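K.L.:
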Amino acid sequence: MRQIITWRIMDAFNVILIAGMHRSGTSMLTRLLAEFGGVLPTKLIPPRENDNRLGFWEPVAAVGINKEIMKMIGSHWIDCRRPRTERIGGESLLNLQNQIVQFLKNEYPSGDAPRLVKDPRLSRTFPIWRSALAQAGANMSVVISVRSPQACAQSLVSRNKIIDAYAVMSWLRSYLEIEFSTRGQKRLFVNYDSFFDDNRPAQIKRILQFMGLPADEEITIPETLVSAEDRHHTATNDAPLQKDVTFVYTTLAALSRAEPQANYTTEFDVIRGRLNAAEYYFGEILSDSLAFAPLGNQRFF
497 MRQIITWRIM
507 DAFNVILIAG
517 MHRSGTSMLT
527 RLLAEFGGVL
537 PTKLIPPREN
547 DNRLGFWEPV
557 AAVGINKEIM
567 KMIGSHWIDC
577 RRPRTERIGG
587 ESLLNLQNQI
597 VQFLKNEYPS
607 GDAPRLVKDP
617 RLSRTFPIWR
627 SALAQAGANM
637 SVVISVRSPQ
647 ACAQSLVSRN
657 KIIDAYAVMS
667 WLRSYLEIEF
677 STRGQKRLFV
687 NYDSFFDDNR
697 PAQIKRILQF
707 MGLPADEEIT
717 IPETLVSAED
727 RHHTATNDAP
737 LQKDVTFVYT
747 TLAALSRAEP
757 QANYTTEFDV
767 IRGRLNAAEY
777 YFGEILSDSL
787 AFAPLGNQRF
797 F
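In terms of this note's numbering, the sequence shown has 605 at position 109, counting the first letter as 1, and numbering is strictly consecutive.
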């Protein structure tokens with residue numbers, strides 16, 4: 497029996513989705529958004545001392561929904577293949593949309609404050625969330641945390657023993673997908689590394705403006721929210737990246753500084769097309785083998 501979903505009787509609510517590559521600073525960014533007035537759900541994934549000691553700030557329910565989506569399309573959290581969310585339809589899509597709306601309705605306090613949903617998997621599952629929030633009439637915006645591919649890869653190599661070449665390819669896929677799927681949406685690119693240099697005030701001001709808050713006063717950020725002690729990896733210049741990865745990162749970094757980038761989406765689409773074409777031959781091999789192969793002493797980037 498077709499399930500009855502009464503989305504439209506809900507009061508309109510504000511939602512901010514926080515996306516970006518794994519290890520790109522999404523946790524720190526979510527803490528900042530909560531400090532500036534965003535609200536978090538009641539059930540969060542607990543911190544881990546040797547991983548994110550200050551917390552992941554990821555809703556248990558949202559992560560569960562995203563894992564379900566990934567399983568349905570035969571994918572995983574660091575997949576470098578195109579996430580084929582368009583394959584989900586019918587009752588399966590309705591069920592996922594209903595889970596998303598019920599999570600946002602039941603696990604957050606009522607009111608106008610934006611409900612924060614952070615999960616790096618959103619870079620791959622965003623189209624499903626977009627459809628659910630559109631049906632519910634929610635006011636949605638997206639904040640995308642950007643960090644260099646080298647730094648993200650180093651962190652994943654250290655934590656998950658993933659070959660760095662694969663981690664960089666996954667980085668590229670992650671940002672190509674979230675940039676593509678959020679076009680036309682209210683969105684903000686934020687560079688993680690800018691919180692540790694002289695650009696921090698400018699980034700804070702952009703975040704406040706994005707959230708519709710006054711940005712004309714100096715804001716002091718507690719060091720417990722932006723701590724250099726938790727910044728374990730930084731980009732270096734001793735491992736040159738292929739030109740597509742470099743172009744995507746430099747473009748996103750420029751967008752995070754609010755610098756206009758003329759016609760960059762055309763080149764992004766070309767790069768995304770090349771990645772999709774390569775997947776025809778190598779996608780299954782990369783997904784099933786390379787991601788979790790022993791690291792050894794081999795370095796590719």
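By construction, the Cβ of each residue, glycine as well, lies at the ideal position given by its N, Cα and C atoms. Just so you know, these numbers come straight off a predicted model, no measurement behind them.
1) From Met517, Arg519, Asn510 and Phe706, pick the residue whose C-alpha is nearest to that of Leu600; which is it?
2) Go to Met707, then tell me how far its beta strand (DSSP E) extends in each direction, as first and last residue.
3) Suppose contacts are defined by Cβ-Cβ distances below 8 Å. Is Ile514 in contact with Leu536 by that definition?
4) Three Cβ pairs or more, each shorter than 8 Å: is that satisfied between the stretch 676 to 692 and the stretch 552 to 565?
5) Quick check: the Cα distance between Ile767 and Asp740, rounded to an integer number of angstroms?
6) Quick one: what's got a C-beta closer than 7 Å to Glu675's C-beta in the same chain, skipping five residues either side?
7) Alpha carbons only, please: which of Glu603, Leu592, Gln646 and Ser606 is nearest the one belonging to Phe622?
8) Who are the Cβ neighbours of Met517 in its own chain at under 6 Å, not counting the five residues just before and after it?
9) Would Arg643 and Tyr604 be called neighbours here (beta carbons separated by less than 8 Å)?
10) So the alpha helix (DSSP H) Gly516 belongs to, where does it begin and stop?
11) Which partner residues of Phe685 appear in the DSSP bridge assignment?
12) Suppose you measure from the CA of Arg544 to the CA of Arg683; what does that come to, to the nearest Å?
13) So, for Ala609: in the same chain, excluding its five sequence neighbours on each side, which residues have a beta-carbon less than 8 Å away from its beta-carbon?
14) Give me, in chain order, the residues of the same chain whose beta-carbon lies closer than 7 Å to that of Arg580; leave out the 5 immediate sequence neighbours on both sides.
15) Straight-line CA distance for Tyr777 to Cys576?
16) Can you grab the Cα-Cα spacing for the pair Leu589 / Gln705, in whole Å?
17) Count the other C-beta atoms from every protein chain shown that fall within 10 angstroms of the C-beta of Asn562, then say buried if there are 16 or more, exposed otherwise.
18) Any idea which residues DSSP pairs Leu540 with across the strands?
19) Under DSSP, the alpha helix (DSSP H) around Arg669 begins and ends at which residues?
20) What three-state label does DSSP hand Lys657 in the structure shown?
21) Check this for me: beta carbons of Val653 and Ile512, under 8 Å apart or not?
P.N.:
Considering the structure as presented:
1) Distance from the Cα of Leu600 is smallest, within the candidate group Met517, Arg519, Asn510 and Phe706, for Asn510.
2) Segment: none, Met707 is in no beta strand (DSSP E) and carries neither H nor E.
3) no
4) no
5) 7 Å
6) Phe764
7) Leu592
8) Cys648, Trp667 and Ser670
9) no
10) From DSSP, Gly516 is part of no alpha helix (DSSP H) but of the beta strand (DSSP E) over Asn510 to Gly516.
11) Ile640
12) 30 Å
13) Asn510, Gly533, Gly534 and Val535
14) Ile569
15) 13 Å
16) 34 Å
17) buried
18) Pro555
19) Unbroken alpha helix (DSSP H) run through Arg669: Asp660 to Ser677.
20) Three-state DSSP puts Lys657 in coil, outside helix and strand.
21) Not closer than 8 Å, so no.
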